[in-house]
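Numbering that gives the first Met the number 0 numbers the first residue of the sequence shown as 0 and each following residue consecutively. Using N, Cα and C, we set each Cβ at its ideal position, and we do this for glycine too.
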Amino acid sequence: MKRRKVLKIILIVIAILVGIDLIAGYALMRFAIGSFSGRDESSEFSYSISDEALEAVTSNKERLYKLSAEWIEGSDVRQVSITADDGAIMHGSLVKNSTGSHLWVLLIHGYSRTRTRTYNYGMYYAGQGFNVLMPDMRGHGESGGNYVGMGWLDRKDILHWLDLIISEDPQAEIVMHGISMGAATVMMTAGEQIPQNVCAVVEDCGYTSVWDIFSDVLKDNAGIPEFPLLYTSELFGRIFAGYSFSEASSIGQLKKTTVPVLFIHGGCDTFVHTDMVYRLYDACPTEKDIYIAEEASHGQAMYLDPDKYFEKVFGFLGKYLSQP
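Structure (structure tokens):
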């Protein structure tokens, strides 16, 4: 009788723990990949870098935000859209170059951001004669989608954006350039059957896989191990969002790519840990190069030294584009 009572208590405790894990796992899934569509962008991340680097980043951001706002205001911006495979409508901004250039860049923003965060990059590309397409990613800004794709769902959306570019310009020479989640997106897209018009990829501070980045964030920010919470959250991600965190792998996709890739990362990145970029680089079988902005944290490589950043970018791209 006593043994039966103890067993009953144990089963009740197990049931309570399982219930807590299920509730927490679902909440984590909703928090991590719930849609940001129609919401204001989240606040800036806080990173530990040197005072000198912080001053440079802050000053350059302020300057470039102002300049890029003037660029957008003075440009003929066309609002465009595509329909994703699941019927969701994705929206973007297109700035065509007046010279008739066949150079194109598809710029992809990061997690919880919108296309406005790519204006600074677009301004530099436009200055080099590129046509610039800047979409809001799935579950962000004006674009539809009930869940954030973290690059995995987005890779299929990007194929439609590439088709839109080619419909505008069959002779297009396309660069895919992404930052953070956008970098993971372009790497994951690069492993698909992409049009021959895509000439190169630039990934800036992308992660190795969705599982890896979520695991790091849990451990670093909350001291929570992967098991069991992340496994439960992944299960709910598969059920509700249609993908698992472990299958969403930039490394796995890079192994299949046929286009050159430039890898960029901050040497002080403690969000998407800097060691990830070396694993990504090693996985890439095509022509490649790497630029580590040693004093930069996550997403800061361009803002630390914009001139050096784009010298690296255009120096790399120049080898794979037929036009100067």
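How long is the line joining the alpha carbons of residue i and residue j, rounded to whole angstroms?
i: T57; j: V76; result: 27 Å
i: I13; j: L253; result: 41 Å
i: L320; j: G73; result: 27 Å
i: L53; j: D211; result: 27 Å
i: T82; j: Y110; result: 21 Å
i: C267; j: T207; result: 17 Å
i: S249; j: D85; result: 22 Å
i: I88; j: G143; result: 5 Å
i: N119; j: L303; result: 13 Å
Are residue i and residue j touching if we call contact CB-CB under 9 Å?
i: H90; j: V104; result: no
i: A183; j: G150; result: yes
i: G236; j: F244; result: yes
i: Y277; j: Y290; result: no
i: I48; j: R116; result: no
i: V197; j: L234; result: no
i: M324; j: V147; result: The requested residue 324 is not part of the displayed model; the chain covers only 0 to 323.
i: I107; j: H159; result: no
i: T113; j: E69; result: no
i: N324; j: S232; result: An answer regarding residue 324 cannot be provided, because it is not within the stretch 0 to 323 covered by the chain.
i: M275; j: G205; result: yes
i: A240; j: I32; result: yes
Per DSSP, what kind of secondary structure is residue i in: helix, strand or coil?
i: K254; result: coil
i: F315; result: helix
i: K95; result: coil
i: Y290; result: strand
i: A87; result: coil
i: A171; result: coil
i: W151; result: coil
i: G73; result: coil
i: S80; result: strand
i: A199; result: strand
Evaluate residue i with the Cβ neighbour count: other Cβ atoms within 10 Å of its Cβ, from every protein chain shown; 16 or more gives buried, anything less gives exposed.
i: Q299; result: buried
i: N220; result: exposed
i: I164; result: buried
Are three or more beta carbon pairs between the stretch 182-199 and the stretch 154-166 nearer than 8 Å?
yes
With a cut-off of 8 Å, do at least 3 Cβ pairs link the stretch 263-271 to the stretch 159-175?
no
Is the stretch 299-317 in contact with the stretch 86-100, if contact means three or more CB pairs nearer than 8 Å?
no
Any contact between the stretch 191-199 and the stretch 211-225? By contact I mean 3 or more CB pairs, one from each, below 8 Å.
no
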